[in-house]
Structures are given as structure tokens and as C-alpha cells.
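**Student:** Got a structure for you, questions after.
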Amino acid sequence: SDRLPTAGGSAAPPPENSNSTVRELVAENSVVVFARKGCCMCHVVKLLLHGHGVNPTIVDIDEQNEAGIKNDLSRILGGGGVDGANSGNSAAVPQFPAVFMGGELFGGLEEIMGAHISGELVPRLREARALWL
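Counting along the sequence shown from 1, when you hit position 19 you're at 19 in full-length UniProt numbering, and nothing is skipped either side.
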């Protein structure tokens with residue numbers, strides 16, 4: 001299989017620097033986590049989501065695909081990509097983990113933990129149709 005191994009969740013096929021593939025993953029899945037392999041913060045986000053009963057689509061980022069995926073995510077977020085126009089717009093360059101819910105960037109570890117602590121995470125997960133109860 002061409003799917004990436006992950007620690008739980010659905011494995012996503014490795015995007016091959018295709019903006020449409022990354023865009024489709026984000027649009028077609030209720031929760032998508034773009035996570036750098038071996039990153040402890042990425043692991044915490046995955047554990048927290050799994051602890052809530054969410055089965056996110058996980059896209060493992062490594063040195064081979066990081067630049068391409070960052071470019072694709074930057075374009076989705078309205079930037080020009082890290083290698084193109086508007087590359088001065090650092091706000092549009094994603095950091096990992098990058099969590100998308102309901103087709104929109106929710107944020108990284110800080111945003112997920114903040115929403116969890118404030119009680120906003122579960123309603124947002126329900127809104128994204130990642131939780132049913």
C-alpha cells in the first residue's frame with residue numbers, strides 16, 4: 001500500500017507536491033493533522049484527539065516532503081507559498097503540527113490545548129463532524 005504508517009488515525013497517501021491533493025485531504029476529511037515524524041508536540045495533538053474519540057487523518061511530514069507540503073498549505077491559507085510570491089507573509093507559512101477541522105486551519109498545539117482547556121474543543125469537533133456524541 002502507498003499509505004503512510006501512523007500512530008492511530010487514518011493514514012493519508014503521501015502527497016506528491018500536489019496542491020490539489022493536500023487541498024482534497026483538507027476538504028474531504030473532518031480533521032486532518034499534518035505532523036512532523038518524531039515531533040513530541042505532534043504526538044501530543046494526536047493523543048489528545050484520539051482521547052476524545054476522534055480518528056483524524058494523519059499526514060506524516062518528513063524531510064523529503066516537508067517543503068512541498070508547506071508550499072501547498074501556504075497556498076491553501078492564502079499565501080504565495082514559501083518559494084513564490086508573497087513569501088514575506090510568514091503568517092501563511094504553516095508550523096507543525098497543523099490541525100485542520102471542517103476544511104479550515106484550526107491551529108497547532110497551542111490552539112488545540114487552549115480549546116481543550118476552555119471547553120471549546122469538543123463543540124468544534126462536533127461542528128466539524130468529527131464527533132457524534
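No residue lacks a Cβ here, since even glycine has one placed at the ideal position from N, Cα and C.
How would you write the range of the alpha helix (DSSP H) that VAL44 sits in, first residue to last?
**Tutor:** 40-51
**Student:** Within 10 angstroms of the Cβ of LEU133, are there 16 or more other Cβ atoms? Answer buried if so, exposed if not.
**Tutor:** exposed
**Student:** Quick check on this structure: which residue in CYS42, GLU104, CYS40 and SER30 has the alpha carbon closest to the alpha carbon of ILE76?
**Tutor:** GLU104
**Student:** Please look up how many angstroms separate the CB atoms of ALA67 and MET101, rounded, as I've assumed it's under 8 Å.
**Tutor:** Incorrect: roughly 25 Å between the Cβ atoms, too far for contact.
**Student:** Nearest to ALA27 by alpha carbon, out of GLY51, GLY108, PRO56 and LYS37?
**Tutor:** PRO56
**Student:** Please look up how many angstroms separate the CB atoms of VAL45 and ILE112, rounded, as I've assumed it's under 8 Å.
**Tutor:** 5 Å
**Student:** If you count every other CB in all the chains shown that lies within 10 Å of the CB of GLY114, and 16 or more means buried, which is it?
**Tutor:** exposed
**Student:** Kindly indicate which residue of GLN95, LEU49 and VAL122 has the alpha-carbon position closest to the one of ASN71.
**Tutor:** GLN95
**Student:** Between GLU126 and SER74, what straight-line distance do the alpha-carbon atoms span, to the nearest angstrom?
**Tutor:** As written in the sequence, residue 126 is Arg, which differs from the Glu given in the question. Using only the alpha carbons, I get a separation of about 26 Å.
**Student:** For ARG124, name the three-state secondary structure that DSSP assigns.
**Tutor:** helix
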